[in-house]
Each structure stands twice: as structure tokens, then as C-alpha cells.
Amino acid sequence: MQINLSLLTVLFIVLLGSCTFASGQDTSSPVTGIANIAINPSADIRAPAVAGQFYPADAKELSTIVDTYLTAAKPARTAASEARLVGLITPHAGYQFSGPTAATAFKSLMNQKFDHVFLLGVDHHSGLPTMSVWPRGAFDTPLGMVPVDATLSASLLASGAAAFTDDPAGHIREHSLEVELPFYLKTIGSVPAVFVSVGGPLENGFKLGRRLIEMLPSLPGRTLIIASSDWSHYHDIQTARELDERGLVSIRALDAEDLAAACRLGKSELCGINGVLALLTVMKNANAQVTLLERTDSSAGSGDRERVVGYAAVLFEANIPSVSPKTQITPATSAQEVVPMELKQEALTVIRQTLESVLSGGKVPAVTFKHPRFKDNCGVFVTLKKAGELRGCIGLIEGIRPLGEGIQDMAVAAATEDSRFSPMTASELKEVSIEVSILSPMIPVKDLSEIQVGRDGVLLRAHGRSGVFLPQVATEQGWDRDTFLTNLCYKAGLPPGSHKQPDAKLYRFTADVFGEKE
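Numbering (this note's numbering), first residue to last: 19 to 536.
In C-alpha cells form, the structure reads like this:
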């Protein structure tokens with residue numbers, strides 16, 4: 019099989035310890051580069067829907083107002099760094115009304131590190147009886163992007179529950195997650211997250227909570243779950259406080275059933291009830307500590323005490339309990355290993371069958387993929403190793419074709435068209451191990467602190483040259499961030515420090531990495 023080398027504007031030959039590019043555009047150096055790499059940050063990017071309405075659309079103005087709120091906030095407690103499971107309830111109204119309370123909530127997380135984040139909002143608009151998961155890409159804000167944790171999102175969607183969907187209708191107009199993100203970026207940074215817009219009956223909240231309980235024990239490090247909700251709506255201030263206090267009784271007791279009953283009877287009100295029910299279900303299972311950080315209402319911002327909306331900031335801290343035998347999940351050694359096992363097995367089987375056919379003189383076999391993710395367009399690399407040494411690696415940096423097609427094409431290219439090696443023979447294949455890296459979309463880097471070693475791969479463009487490293491390179495080489503970026507400059511044929519130059523552009527991405535040697 020021949021791959022058209024004109025595709026090398028998006029087709030990269032990647033050595034795990036270095037990067038080599040092929041292009042007809044720049045032949046002035048032994049390390050050639052691609053002058054015009056096609057990067058499409060808008061693919062799968064959820065654009066802001068309420069910037070300029072609920073919060074300022076201007077980045078400078080927004081940054082200033084969020085900083086002001088955070089500086090003034092005095093949370094009753096900061097989340098304990100040793101708590102492996104942290105939860106937060108925070109409001110989502112216009113900043114002039116609920117901004118100070120949201121700041122109090124998020125300040126309890128200031129500068130803390132989290133490995134996995136679930137953001138649970140409410141579907142105010144679509145009317146769908148489902149829980150919509152944004153499957154990949156990122157949520158954009160005036161302060162930058164928050165990438166999607168595509169692996170965990172796929173795991174949630176693959177749970178088998180009919181209520182989970184990737185229908186974008188639950189997100190496009192929705193504000194309940196969007197308004198949290200400027201505070202999120204300012205306090206814990208652009209940590210990849212699972213974005214869930216929870217609609218439908220109250221049972222959906224319980225379903226989501228049970229699914230999270232199943233997932234959590236397999237996740238290493240710390241996990242944060244944020245439930246976005248306002249409380250009572252448009253009552254006089256005394257009635258509002260009574261309704262909110264009744265709901266807080268259930269919250270303090272970690273009693274999701276009692277909270278649901280109170281809301282059904284009109285004794286309490288939360289517009290984001292399903293996300294809160296999910297959070298309470300998880301936190302009760304973990305025997306969490308609950309702290310009411312602040313309870314307020316809209317009257318301070320509006321001056322109206324006859325039609326107020328209630329707000330609360332609540333912090334939960336716990337450790338993730340051992341999973342029961344019924345929900346046992348194989349422990350993972352990295353966040354990437356949450357890729358559904360059936361997808362891993364199918365991908366590796368198809369790649370080996372494809373190579374067996376092509377290297378024996380046959381064609382690329384036609385395959386009907388079972389897992390739905392193989393239909394999604396995404397970047398992918400296939401790496402072949404022999405006796406632990408690289409034998410070929412080629413991939414697509416962008417999602418220009420479905421994953422199923424990509425893994426077959428890149429496998430054949432890695433075996434037969436990697437210019438650093440002679441074409442692989444059929445007899446060699448039994449000695450070769452296969453590794454797959456499924457890439458997220460490219461996210462522009464606004465600050466070097468956004469790059470997390472071991473999680474992020476990085477693409478550098480500067481002075482007409484380009485270089486890329488997959489996320490696993492830094493871990494395998496034992497590099498810190500500065501060393502990682504210095505070597506990236508070298509591999510792009512540039513002097514160290516070139517990534518800091520004004521015309522340099524950096525993009526980061528994550529990868530779900532799995533292989534036959536697991």
C-alpha cells in the first residue's frame with residue numbers, strides 16, 4: 019500500500035526519542051520541517067455561548083473581575099491535599115449575582131493538583147431526557163481552553179446506560195458549565211475534564227452517581243467532581259433561605275434520596291439537582307466530610323429581596339474506597355489506561371491482521387469495527403518495536419479520517435514507509451510489538467505552565483520548522499518540562515529556547531496509549 023507523501027502536512031514520522039519530518043517545503047537543513055502544518059483548533063471545540071451576558075467577553079476584563087472575586091473570597095476551608103476525592107457544589111448565575119460565591123467555592127481548590135475532573139452541569143435548554151457528554155476537544159473561554167478528557171468521556175459513554183449520549187444539544191446553549199470555567203482556569207489550571215450536561219428525571223442523577231462509583235477506583239491520583247447548581251428561584255428572601263436550608267440538611271447528611279424527596283415535594287429547590295444527586299451518591303459511598311463554605315442569594319447583586327435566587331458553595335473531602343467485587347475495575351497505572359478494553363483489543367487485533375495481510379503481498383482487509391469510537395475522526399500514531407527498539411512509527415497529528423481507517427493506514431505506513439528503516443518483512447512481524455496512541459485535538463499553549471509532563475504531547479512551530487513529541491517521550495526519557503521543551507527545539511532543528519520566541523507557536527495534546535506489551 020502506498021501513502022501519498024503530499025499528506026505529510028499532517029502525516030508525521032515520529033521516533034519516540036526524536037522527531038523527523040519530511041516535506042518538500044524546506045530542504046535547507048538535514049532536519050527538515052513543515053512550514054505550514056494544518057492545525058484546526060476549532061475541531062470539536064465548544065465555543066462560548068454566554069460570554070458578554072453572564073460574564074465579560076473581554077479577556078482582560080474577565081481576568082480582572084475573576085481575580086478580584088478570588089482575592090476577596092475567604093473560604094471556610096481549603097481542600098485537604100491528602101484527600102484523593104474532592105467534590106464541590108458551586109453556583110452558575112451571572113457573575114454580578116453569584117460570582118462571589120463561586121469564587122469562594124473555587125478558592126478552596128486554589129493551586130491544588132487534580133489528575134481527573136468531572137464537571138456536572140444541568141441541561142436548561144434541550145429538554146432531552148438524557149445525560150450529554152461532550153466527547154472530545156475542548157471548551158473555549160476568553161481566558162483559554164479547558165481540554166476534554168476524551169478517555170474518561172469515552173468510558174462514561176460506553177457504560178451501557180441508554181441515558182448517556184454525546185448529543186451536543188445538551189451543551190451548545192448551556193451556561194451551567196461554561197460560567198465555571200474562568201474560575202476553574204484561575205485556580206487549578208487547564209486540567210482536562212469530563213463535561214456532562216445532566217437532564218431528564220431524577221433517576222439520571224442516581225445513575226450517574228453509581229457509574230462514577232464504578233469508575234473512581236481505577237483512577238490513580240486525585241479526582242475532583244464539581245456539581246454546578248443554583249438553589250431556590252424567585253421567592254422572597256425569607257422563603258428562599260428556608261428552602262435552601264432544607265436542602266442543605268440533606269447535603270450535610272450526604273442523603274441524596276432525602277434531597278430528591280424534598281425537591282419533589284417543593285420543600286427545596288436546586289436547578290442542578292441531578293448533578294448534585296450524583297455527587298452526593300459518590301460522597302456518601304466515600305464517607306466524605308462536608309463543609310458549607312458559604313450560602314448567599316442574588317439580593318446583594320440585584321437589591322431585590324422579593325425575587326431572589328439562592329446560592330451555596332459546598333466542599334466535600336474523602337478518600338476513594340475500595341471497589342466491591344461486583345464493580346471491580348482493573349487498576350490502571352496511568353490515566354490513559356481507562357480506554358475501554360474492548361476498543362484496545364479490537365484495535366490491536368485489526369492492526370496485526372492488517373500487517374499480516376499487507377506484508378504477505380495482500381491488500382488492506384476490509385473491517386467492520388464494533389466499537390463506535392472507531393467512527394470518530396481523531397489523530398493517531400502506530401508505533402512498532404522489535405526487541406524493545408523502534409522499528410517504525412508514523413501517525414496523523416490531526417483527525418482528518420476515522421480512527422478505524424487511521425490505525426490501518428498508519429500501521430502499514432509505519433511498517434513499510436518509515437524512511438529511517440527498511441520495509442518490514444512478513445517473517446519479522448512475529449517479533450514485533452504494536453503500540454497505539456490516540457490523540458486529542460491540538461490545544462494552543464498560552465502559558466508553559468499548562469504543559470504537564472507525562473500527560474501532554476507538544477507540537478512546536480517556529481521559524482518555518484516544526485517538531486513534535488508524543489506524551490510518553492518525557493516519561494520514558496525521564497525529562498522535566500524544561501528538558502522536554504529543550505529537546506523539542508533540538509528535534510525541530512532549532513536552538514534551545516526557540517519555543518519562547520515571539521513567533522513560536524506551541525500546541526499540546528493528550529494521548530490514550532496502549533499496546534500488546536501491557
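Where a beta carbon is used, it is the ideal one built from N, C-alpha and C, also for glycine.
Check: Going by CA-CA distance only, name the one from Asp-315, Thr-257, Leu-88 and Val-332 that's closest to Ala-306.; Outcome: Val-332
Check: Since I believe Met-149 is in contact with Phe-182 (beta carbons under 8 Å), could you give me their beta-carbon distance rounded to a whole number of angstroms?; Outcome: 5 Å
Check: Which residues does DSSP list as the beta-bridge partners of Asp-474?; Outcome: Thr-528
Check: Can you tell me which of the three DSSP states Ala-522 falls into?; Outcome: coil
Check: Between which residues of its own chain and Arg-370 is the CB-CB distance below 7 Å, once the five residues before and five after are set aside?; Outcome: Ile-452
Check: List the residues that DSSP assigns as beta-bridge partners of Ser-246.; Outcome: Thr-108
Check: Measuring straight from C-alpha to C-alpha, what distance separates Leu-408 and Asp-158?; Outcome: 37 Å
Check: Please confirm if the segment 458-466 is in contact with the segment 419-431, defined as three or more CB-CB distances below 8 Å between the two stretches.; Outcome: no
Check: So for Glu-534, helix, strand or coil by DSSP?; Outcome: coil
Check: Helix or strand or just coil, what does DSSP make of Leu-333?; Outcome: strand
Check: Sort Pro-489, Leu-478 and Gly-472 by Cα distance to Lys-464 and report the nearest one.; Outcome: Leu-478
Check: Which residue's Cα is closest to the Cα of Ala-480: Ser-215, Thr-96, Ala-522 and Asp-185?; Outcome: Ala-522
Check: Check this for me: beta carbons of Arg-499 and Val-471, under 8 Å apart or not?; Outcome: yes
Check: Determine contact between the segment 117-134 and the segment 257-276, defined as no fewer than three beta-carbon pairs at a distance below 8 Å.; Outcome: no
Check: Candidates Ile-243, Glu-221 and Pro-200: which alpha carbon is nearest Ala-101's?; Outcome: Ile-243
Check: Tell me the residue span of the alpha helix (DSSP H) that contains Ser-173.; Outcome: 168-175
Check: Buried or exposed for Asp-538, going by 16 or more other Cβ atoms inside 10 Å?; Outcome: Here the chain covers residues 19 to 536 and nothing more, so residue 538 does not appear.
Check: Could you pull out every residue in the same chain whose Cβ sits closer than 6 Å to the Cβ of Gln-346, ignoring the five residues on either side in sequence?; Outcome: Legend: pLDDT at Gln-346 = 33, less than 50; position of this residue unreliable, no value from coordinates given.
Check: What would DSSP say about Pro-390, mapped onto helix, strand or coil?; Outcome: helix
Check: In angstroms with no decimal places, state the Cα-to-Cα distance between Gln-495 and Leu-503.; Outcome: 13 Å
Check: Buried or exposed: Leu-283, going by 16 or more other Cβ atoms within 10 Å of its Cβ?; Outcome: exposed
Check: I need the boundaries of the alpha helix (DSSP H) containing Thr-122, first residue and last residue.; Outcome: 113-125
Check: Rounded to whole angstroms, what's the CA-CA distance from Gly-155 to Met-301? Just pull it up for me.; Outcome: 29 Å
Check: State yes or no: is the C-beta of Asp-141 within less than 8 Å of the C-beta of Glu-192?; Outcome: yes
Check: Would you check if the distance between the CB atom of Asp-436 and the CB atom of Gly-413 is smaller than 8 Å?; Outcome: no
Check: I need the straight-line Cα distance from Leu-311 to Thr-89, nearest angstrom please.; Outcome: 16 Å
Check: On the DSSP bridge list, what partners appear for Asn-395?; Outcome: Pro-420
Check: Looking only at C-alpha atoms, which of Leu-203, Val-382, Ala-69 and Phe-439 sits nearest to Thr-401?; Outcome: Phe-439
Check: Taking Ala-433 as the reference, which of Gly-485, Leu-203, Val-376 and Ile-415 has the closest Cα?; Outcome: Val-376
Check: Decide if the segment 259-268 is in contact with the segment 283-297; the criterion is three or more beta carbon pairs, one per stretch, under 8 Å apart.; Outcome: yes
Check: How would you label Ala-75, buried or exposed, when you count the other beta carbons within 10 angstroms and need 16 or more for buried?; Outcome: exposed
Check: Comparing C-alpha positions only, which one of Lys-403, Ala-405 and Cys-396 sits nearest to Ile-418?; Outcome: Cys-396
Check: Going by alpha carbons, who is nearest to Ser-236 out of Ile-63, Cys-507, Ile-469 and Leu-170?; Outcome: Leu-170
Check: Name the DSSP bridge partner or partners of Gln-307?; Outcome: Glu-335
Check: If you check the beta carbons only, do Arg-229 and Ser-177 fall under 8 Å apart?; Outcome: yes
Check: Going by beta-carbon coordinates alone, are Lys-404 and Val-450 separated by less than 8 Å?; Outcome: yes
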